[in-house]
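Worksheet: the structure to be examined is printed underneath.
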Amino acid sequence: MKIPNILTITRILTTPLLVLLLLKDMPAWAFGVFVFAGLTDALDGLLARVLNQKTRLGSFLDPLADKLLLVTCFIILWRIPIRGIPVPAWLVFVAVGRDVVILTGFFLLTLYKVRFEIRPLVSSKLTTLFQLLTIFTVLGRSIFELPGWLYQAVFAVTAVFSVLSGWRYVTVGMSMYRLHQK
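In the numbering used here, the protein residues as written are 7 to 188.
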């Protein structure tokens, strides 16, 4: 197995550990696990390019690992606030809803036998970055304090990018479907 895929699988395996730490009221440890998961995310992509180890498996596992980690964190941090700051329910709805829309689009394209390759859009990469930043700031509250307005700003920017990238995937998917119909 290639090193980038091992890192991606490691990220997948950190998600249950992070949940367990939050359920056991150990947010500082959960923060450390989240930072570790983020580093594996950065490293797997870098190594895949540098070592020329891009694989089809990795192209499926990497976004799956990201979604598993982020969706799980959004939901659990909505239910378990860190020092009084939860991820707001509206942001959970936007972030998770975006992923549901994207997965529904993939399913429909597959159902209609539209050929497509899973390649992240720039807007999607920015969305992932801001979603990671949201989780980082909320979990990080167990270690450092930021001004209250900054949490709200991060939540708002994350929501905007989530909606924009979700809409972008919808428009790209519709274009693929229309081309397939011709």
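Ideal Cβ positions, reconstructed from N, Cα and C, are used throughout, including at glycine.
Cα-Cα separation, residue i to residue j
i	j	result
residue 188	residue 106	27 Å
residue 66	residue 37	26 Å
residue 134	residue 19	19 Å
residue 176	residue 94	25 Å
residue 92	residue 180	35 Å
residue 48	residue 119	33 Å
residue 77	residue 174	20 Å
residue 88	residue 128	31 Å
residue 70	residue 152	30 Å
residue 54	residue 100	31 Å
residue 84	residue 98	7 Å
residue 185	residue 112	16 Å
residue 81	residue 149	21 Å
residue 142	residue 11	23 Å
residue 29	residue 39	14 Å
residue 163	residue 131	14 Å
residue 64	residue 14	8 Å
residue 182	residue 59	28 Å
residue 96	residue 23	26 Å
For residue i, the three-state DSSP class (helix, strand or coil)
i	result
residue 86	coil
residue 91	strand
residue 158	helix
residue 167	helix
residue 120	coil
residue 188	coil
residue 61	coil
residue 125	coil
Nearest-angstrom Cβ-Cβ length linking residue i and residue j, presumed shorter than 8 Å
i	j	result
residue 33	residue 109	The pair is not a contact, with the Cβ atoms about 29 Å apart (cut-off 8 Å).
residue 9	residue 57	7 Å
residue 114	residue 122	In fact, because the Cβ distance is near 11 Å, the residues do not count as touching under 8 Å.
residue 35	residue 27	5 Å
residue 104	residue 172	4 Å
First through last residue of the alpha helix (DSSP H) which encompasses residue i
i	result
residue 134	128-146
residue 152	Where residue 152 is concerned, there is no enclosing alpha helix (DSSP H), given that its DSSP letter is neither H nor E.
residue 11	9-29
residue 46	33-56
Any non-hydrogen atom of the ligand ZN closer than 7 Å to residue i Cβ
i	result
residue 148	This structure does not include the ligand ZN; it has no bound ligands of any sort.
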